[in-house]
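Reading the sequence shown from the start, the letters are residues 16 to 260 in this note's numbering.
All C-beta atoms, glycine included, are put in the ideal place defined by N, C-alpha and C.
Structure first, commentary second.
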Amino acid sequence: MALNQPQDVSLELPTFTRFLKLFARKMDKSVLRTLEYEKLSHIQIDGKILDFGGGENSKYNHIKEKWMKDNSDYVFHSANIDKNMDPTFIVDVDGKIPCAENTYNHVISLNTFEHIYDVSICLTEINRILEKNGKIIFTVPFIYQVHGHPNDYSRFTPNYWREFLSRHGFNDIKIESLNWGPFSTGASISGCPGPFRALRIKISLLLDVLYFACKYRGQSHISAQQDAPICSASLGYLIIARKSV
């Protein structure tokens, strides 16, 4: 069933405190990846978890260790087409996961769906293995450079994801913009070529802090429709949805 009314996208505004925590030191990750890890580290995930598109060689093991520490019933499995990632399950291009229905409490997937030509097949399979009221938590890029692993197929808007997830048996859909601001988005999508690249990226991040401090004084979070200037050029999105009963 199509969603007739556009719904809001949330955004945590950049601050100087967040800048010092996330970007003041050497930047060994992209702005998008840094924001993804920040958000995931604050999400509570428990029970049986499947990482769709991950594996033991994932770059976010430090976050998995936090989830494990906070969860006595923690079970973490992974599925990937790439055996070099050392996943629990090797899957084919059809995304078939060799486990029973209603197995997992949570499925996470980080920067994976843009590399899959037919995401519909994967979402059907993820819905099958999630338990009643289980959640899918995933990140996808939006205003971001094309990157192959081995291919890069898609960039979709929040309203697309809402309708797409709804049609595949998910509800209670929440979407957060992974976005620091217009200056850093411009630097990220251009690759910021030329000398003093790291310094210029940090300057763009600080300009965003100043811009939002002037425009949204005293606010830490806002919500807006996907075409509002504040959310229309997101680096990516964090999306959480619940399996429909």
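Asked: Less than 8 Å between the beta carbons of Ile152 and Phe185, yes or no?; Found: no
Asked: First and last residue of the alpha helix (DSSP H) that includes Asn194?; Found: Looking at the DSSP string, Asn194 is not in any alpha helix (DSSP H), and its letter there is neither H nor E.
Asked: List the endpoints of the continuous beta strand (DSSP E) containing Phe91.; Found: 90 to 95
Asked: Have a look at Ala256 and Ile190 and give me their C-alpha separation to the nearest angstrom.; Found: 9 Å
Asked: Name the two residues that bound the continuous beta strand (DSSP E) containing Pro210.; Found: Looking at the DSSP string, Pro210 is not in any beta strand (DSSP E), and its letter there is neither H nor E.
Asked: Identify which residue in Phe34, Ser25, Lys98 has its Cα closest to the Cα of Asp7.; Found: Past the boundaries of the shown model lies residue 7; the chain is included only from 16 to 260, so the question cannot be answered.
Asked: Could you check the C-alpha separation between Phe67 and Ser199 for me, to the nearest Å?; Found: 29 Å
Asked: Assign Cys246 to one of two classes, buried (16 or more other C-beta atoms within 10 Å of its C-beta) or exposed (fewer than that).; Found: buried
Asked: So which of Ser238, Trp82, Lys63, Ile216 has the shortest CA-CA distance to Leu55?; Found: Trp82
Asked: With distance defined between alpha-carbon atoms, name the residue in Arg40, Glu51, Gln22 nearest to Trp195.; Found: Glu51
Asked: Please list, in chain order, all residues of the same chain as Leu138 whose beta carbon is under 6 Å from its beta carbon, the five residues on each side excluded.; Found: His183
Asked: Across which residues does DSSP place Ala239 in a beta bridge pair?; Found: Val24
Asked: Suppose contacts are defined by Cβ-Cβ distances below 8 Å. Is Gly149 in contact with Met100 by that definition?; Found: no
Asked: Less than 8 Å separating the beta-carbons of Val108 and Ile96?; Found: yes
Asked: From what residue to what residue does the alpha helix (DSSP H) around Arg257 run?; Found: First-last for Arg257: 251 to 258, but that is the beta strand (DSSP E), not the alpha helix (DSSP H).
Asked: Could you have a look at Ile144 and say whether DSSP puts it in helix, strand or coil?; Found: helix
Asked: Excluding the 5 residues flanking Phe227 on each side, which residues of the same chain have their C-beta closer than 7 Å to its C-beta?; Found: Leu28, Pro29, Gly196
Asked: In terms of residues, what are the limits of the alpha helix (DSSP H) holding Ser181?; Found: 173 to 182
Asked: Counting pairs of beta carbons, one from the region 152 to 168 and one from the region 233 to 252, are three or more of them closer than 8 Å?; Found: yes
Asked: List the DSSP bridge partners of Thr154.; Found: Leu125, Leu253
Asked: Just verifying my parser: in three-state terms, what is the DSSP assignment at Gly149?; Found: strand
Asked: Would you call the CB atoms of Gln234 and Asp23 closer than 8 Å?; Found: no
Asked: Helix, strand or coil: how does DSSP classify Ala17 here?; Found: Summary for Ala17: the model assigns pLDDT 41, below 50, so the residue's position carries little reliability; its value from the coordinates is reported in the next sentence. In this structure, Ala17 counts as coil in the three-state DSSP scheme.
Asked: Measuring alpha carbon to alpha carbon, tell me which of Val260, Arg212, Arg143, Asp167 ends up nearest Met42.; Found: Arg212
Asked: Cβ of Ile58 within 8 Å of Cβ of Tyr119?; Found: no
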